[in-house]
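Comments concern the structure below.
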Amino acid sequence: MSITWYKNRQTGWKTTLVLLVVLGVMALGVLFLERAGAPGEARRMGWGLLVVFLVVILTNRMEVRVTEREVYVRWGWLIGKHIPFSGIERIEPERIPWTRVGMKFSNGVSWFSVSTGPALRFRLKNGKAVVVGTADPEGLLRVIQSLRPDLLPAA
């Protein structure tokens, strides 16, 4: 059984608020469609809004844990990513722009975040990278440095 040296949970409240405003505007559109005499379209749109709302609720949390062997990122309630220390080449600071909030995959980089802001880029030995958004990059780096100082650039 491995010891957890670091654990941080983050909820994307700003992202949730923005999406709820968008969903509210769309709900007004549903009411407009229903009153305009298109109840079938309004019902389908209403179900779509419910699905989007559930996806937002189920995925807008993230947890980062560090054990003596790995960094583990759990995005939402269902998706987890293990980043073993043995596969990491180096770790660098990063920032999450608004276009990368969520879980994204592009050009060999996996992005995990629930809000914009600070992040860490884990450059892997296989040429890929994992970017993990965190509200506490200093704390996360401090723990990793105490466990594996060879992964961080020399100061």
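Numbering (our numbering), first residue to last: -16 to 138. C-beta atoms are modelled at their ideal positions from N, C-alpha and C, and glycine is treated no differently.
Where the alpha helix (DSSP H) containing residue i begins and where it ends
i: LEU107; result: Counting along the chain, LEU107 falls outside any alpha helix (DSSP H), though it belongs to the beta strand (DSSP E) covering 100 to 107.
i: VAL126; result: 120 to 130
Residues that DSSP places opposite residue i in a beta bridge
i: GLN(-7); result: MET45
i: PRO139; result: The chain is shown only over -16 to 138; residue 139 falls outside these bounds and no answer can be derived.
i: VAL39; result: Paired residues: none, contrary to the question.
i: MET86; result: PHE95
i: THR50; result: THR(-13)
Member of the options whose CA lies at the smallest distance from the CA of residue i
i: GLU121; options: TRP81, GLU75, GLY110; result: GLU75
i: ALA112; options: LEU6, LEU3, PHE68; result: PHE68
i: GLY59; options: VAL38, VAL49, GLY70, HIS65; result: VAL38
i: PHE36; options: LEU61, VAL56, VAL4, PRO101; result: VAL4
i: ARG57; options: ASN90, VAL97, ASP133; result: VAL97
i: THR(-13); options: LEU134, ALA19, ILE127; result: ILE127
i: MET45; options: LEU124, GLY(-5), ARG27, MET28; result: GLY(-5)
Limits of the beta strand (DSSP E) - the one that residue i falls within
i: GLU53; result: 53 to 58
i: GLY63; result: 62 to 67
i: GLY116; result: 112 to 116
Buried versus exposed, by CB contacts within 10 Å (16 or more), residue i
i: ARG83; result: buried
i: SER129; result: exposed
i: ASN43; result: buried
i: THR(-2); result: buried
i: GLY116; result: buried
i: ALA102; result: buried
i: SER89; result: exposed
i: SER(-15); result: exposed
i: PHE95; result: buried
Cβ-Cβ separation, residue j to residue i (assumed contact under 8 Å), whole Å
i: PRO80; j: THR99; result: 6 Å
i: ARG106; j: GLU72; result: 5 Å
i: ASN109; j: VAL47; result: Not confirmed; about 21 Å, so no contact.
i: MET86; j: ILE62; result: 7 Å
i: MET9; j: LEU32; result: 6 Å
Chain C within 8 Å of residue i, Cβ atoms only
i: THR(-1); result: Among the chains of the structure shown, chain C does not appear; only one protein chain is present.
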